[in-house]
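Each residue of the sequence shown is one higher than the last, beginning at 1 in UniProt numbering.
By construction, the Cβ of each residue, glycine as well, lies at the ideal position given by its N, Cα and C atoms.
Remember, it's a predicted structure, so these values are computed and weren't measured experimentally.
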Amino acid sequence: MALISVTNLRKRFNLEAGFFARFGRFVYAVNGVSFTIGQNETYGLVGESGCGKTTTARLLVRMYESDEGTISFQDTIDVGSLKGSSLKKYREQVKYVFQDPARSLNPRMSIYKVLTAGYRHSTRWPGEKQAREEAEAILEEVGLGAADLERRPAEFSGGQRQRISIARGLLPQPDLLICDEVVSALDVSIQGQILNLLIDLRQRHNLSFLFIAHDLKVASYFCDRIGVMYRGELMEEAPAADLFRNCLHPYTKLLFSSAGSLNSNPTGPTTAREPLRLSGELQTPVTELTGCAFAERCPLAEERCRREHPEMRETGWMGQKVRCFIL
Numbered sequence: 001m002a003l004i005s006v007t008n009l010r011k012r013f014n015l016e017a018g019f020f021a022r023f024g025r026f027v028y029a030v031n032g033v034s035f036t037i038g039q040n041e042t043y044g045l046v047g048e049s050g051c052g053k054t055t056t057a058r059l060l061v062r063m064y065e066s067d068e069g070t071i072s073f074q075d076t077i078d079v080g081s082l083k084g085s086s087l088k089k090y091r092e093q094v095k096y097v098f099q100d101p102a103r104s105l106n107p108r109m110s111i112y113k114v115l116t117a118g119y120r121h122s123t124r125w126p127g128e129k130q131a132r133e134e135a136e137a138i139l140e141e142v143g144l145g146a147a148d149l150e151r152r153p154a155e156f157s158g159g160q161r162q163r164i165s166i167a168r169g170l171l172p173q174p175d176l177l178i179c180d181e182v183v184s185a186l187d188v189s190i191q192g193q194i195l196n197l198l199i200d201l202r203q204r205h206n207l208s209f210l211f212i213a214h215d216l217k218v219a220s221y222f223c224d225r226i227g228v229m230y231r232g233e234l235m236e237e238a239p240a241a242d243l244f245r246n247c248l249h250p251y252t253k254l255l256f257s258s259a260g261s262l263n264s265n266p267t268g269p270t271t272a273r274e275p276l277r278l279s280g281e282l283q284t285p286v287t288e289l290t291g292c293a294f295a296e297r298c299p300l301a302e303e304r305c306r307r308e309h310p311e312m313r314e315t316g317w318m319g320q321k322v323r324c325f326i327l
């Protein structure tokens, strides 16, 4: 059973304000995205900045409302139809860890209040005494201690603040933790520590993860499966190990070239790839595309690629899909 299933998800943003917004231009930030996340599975969404991966993640917790598509939780719950207490309960089961803890942690609150602010208003609030015990226990799990509960966020390093953000996401015990670029702003040595912490928490709490990243090297270390996004669409999807052995889409190869490594250890030695030469830079869609989103940069593009829109299709490799006419 899939923990969460996303089907043909779309979200567009108007580029005009006020009355003229309905007549103006718009951006498809997410354009027909579909994927599933299983129990105790880590699914990675990887791509350049602006590709739509963070918007997709925020649609899952309804920070934004989707324009089309469905999100199903535990195969029976239509997330888009949830309201009131039902939506509140869902958000307790699907928690979000933001990229920048310096902005997401209230500097005026003690760490105890940071950890329990949302928990206090949840349907599972156990009372002050037990909540403090749980906060102490979860802080110890992420490598801090009970003595840190009365300190303020500014007293911690960037890596420690990210540990606090992760601890906040674990109260109350969720089923899915969405990690949005949680290591991108950290030093490489600290990245490895945080990733190892997440692996330990996944095993200890039987957690599922949606892991947002722009670095394929980092994603491959932590994820079971990876979806590669470009201009709001999935270009390729595969088990992480298979993606490294046999990536197919030119955009995936571009990301590999940028990461510069096939090694699954983010702190280990790298293996250089020959750089992939593509034309142009990441483009932002303004209207719905008729051709392939990557056609203007792709070295393999043909006339058909600019006229027709390719669908995701299965390849000969188990569990691998690619959006391309040619491959």
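Give the C-beta separation of I226 and C179 to the nearest angstrom, bearing in mind that I take them to be a contact with Cβ-Cβ under 8 Å.
Sequence index remark: in the sequence shown, residue 226 carries index 226 (1-based). Sequence index remark: in the sequence shown, residue 179 carries index 179 (1-based). At roughly 14 Å, the Cβ-Cβ gap does not stay under 8 Å, so I226 and C179 are not in contact.
Let's test the definition: count the other Cβ atoms within 10 Å of the Cβ of P310 and tell me whether it reaches 16, buried, or not, exposed.
Counting from one through the sequence shown, the residue named residue 310 turns up at place 310. Buried, because 16 or more other Cβ atoms sit within 10 Å of the Cβ of P310.
Secondary structure at T42, three-state DSSP: helix, strand or coil?
Locating residue 42 in the sequence shown gives position 42, where the first residue counts as 1. T42 falls in the strand class under three-state DSSP.
Is it right to say D175 is buried, meaning 16 or more other beta carbons lie within 10 angstroms of its own, or is it exposed?
Within the sequence shown, the letter at position 175 stands for residue 175. By the neighbour-count criterion, in which 16 or more other beta carbons inside 10 Å mark a residue as buried, D175 falls on the buried side.
Spatial neighbours of R168 within its chain, please: CB distance less than 7 Å, with the 5 preceding and 5 following residues excluded, ordered by chain position.
For this step, residue 168 is matched to residue 168 along the sequence shown. When the five nearest sequence neighbours on each side are left out, the beta carbons in the same chain lying within less than 7 Å of the beta carbon of R168 are those of V114 and L115, in order along the chain.
Sort out for me which residues DSSP pairs D180 with in a bridge.
Taking the first residue of the sequence shown as position 1, residue 180 is located at position 180. Looking at the DSSP output, D180 sits in a beta bridge with I212.
Measure the alpha-carbon distance for R10 versus Q203 and round it to whole angstroms.
Working through the sequence shown from its first residue, we reach residue 10 at position 10. Working through the sequence shown from its first residue, we reach residue 203 at position 203. One Cα belongs to R10, the other to Q203, and the distance between them is close to 32 Å.
Name, in chain order, the residues that DSSP records as bridge partners for A2.
For the purposes of this step, residue 2 is taken as residue 2 along the sequence shown, with counting starting at 1. Beta-bridge partners of A2 (DSSP): G38.
If distances are taken between C-alpha atoms only, which option among Q193, A293 and L171 comes closest to Y221?
For this step, residue 221 is matched to residue 221 along the sequence shown. Nearest option by C-alpha distance: Q193.
Whole-angstrom C-beta distance between N206 and N40, which should lie under 8 Å
What you label residue 40 is simply residue 40 of the sequence shown in a count that begins at 1. What you label residue 206 is simply residue 206 of the sequence shown in a count that begins at 1. Cβ atoms of N40 and N206 come within 8 Å of each other, at about 5 Å.
Is the distance from the Cβ of G159 to the Cβ of L139 below 8 Å?
Working through the sequence shown from its first residue, we reach residue 159 at position 159. Working through the sequence shown from its first residue, we reach residue 139 at position 139. No; because the gap between Cβ atoms is not below 8 Å, this pair is not in contact.
Taking the Cβ atom as the reference point for each residue, do E233 and V33 lie within a distance shorter than 8 Å?
Counting from one through the sequence shown, the residue named residue 233 turns up at place 233. Counting from one through the sequence shown, the residue named residue 33 turns up at place 33. In contact: E233 and V33 (Cβ atoms closer than 8 Å).
For M1, which residues in the same chain have their Cβ closer than 6 Å to its Cβ, ignoring the five residues on either side in sequence?
The residue labelled residue 1 in the question sits at position 1 within the sequence shown. Excluding positions up to five away in sequence, the list reads D75.
Proximity to L45 [Cα-Cα], best of E237, C305, L248 and E303:
Taking the first residue of the sequence shown as 1, we reach residue 45 at position 45. Comparing Cα positions, the closest option is E237.
Under 8 Å between the Cβ atoms of T42 and F209?
To locate residue 42, count along the sequence shown from 1; it is residue 42. To locate residue 209, count along the sequence shown from 1; it is residue 209. In this structure, F209 lies closer than 8 Å to T42 by Cβ.
For E314, which residues from the same chain have a beta carbon less than 7 Å from its beta carbon, with the 5 sequence-adjacent residues on both sides left out?
Within the sequence shown, residue 314 is the residue found at index 314, counting from 1. Excluding its 5 nearest sequence neighbours in each direction, E314 has C-beta neighbours in its own chain below 7 Å: K321, listed in chain order.
Among V79, P250 and D200, which one has its Cα closest to the Cα of G47?
Within the sequence shown, residue 47 is the residue found at index 47, counting from 1. Out of V79, P250 and D200, P250 has the C-alpha closest to the C-alpha of G47.
Is E274 helix, strand or coil when you go by DSSP?
Position 274 of the sequence shown, counted from the start, is the residue given in the question as residue 274. Note that E274 scores a pLDDT of 44, beneath 50, so its modelled location is shaky; the value from the coordinates is reported in the next line. The answer is coil: DSSP assigns E274 none of H, G, I, E or B.
What residue does the alpha helix (DSSP H) around V114 start on, and which one ends it?
By one-based count along the sequence shown, residue 114 stands at place 114. I111 to R120 is the span of the alpha helix (DSSP H), which, as asked, contains V114.
From the DSSP output, read off the bridge partner residues of Y28.
Position 28 of the sequence shown, counted from the start, is the residue given in the question as residue 28. Per DSSP, R12.
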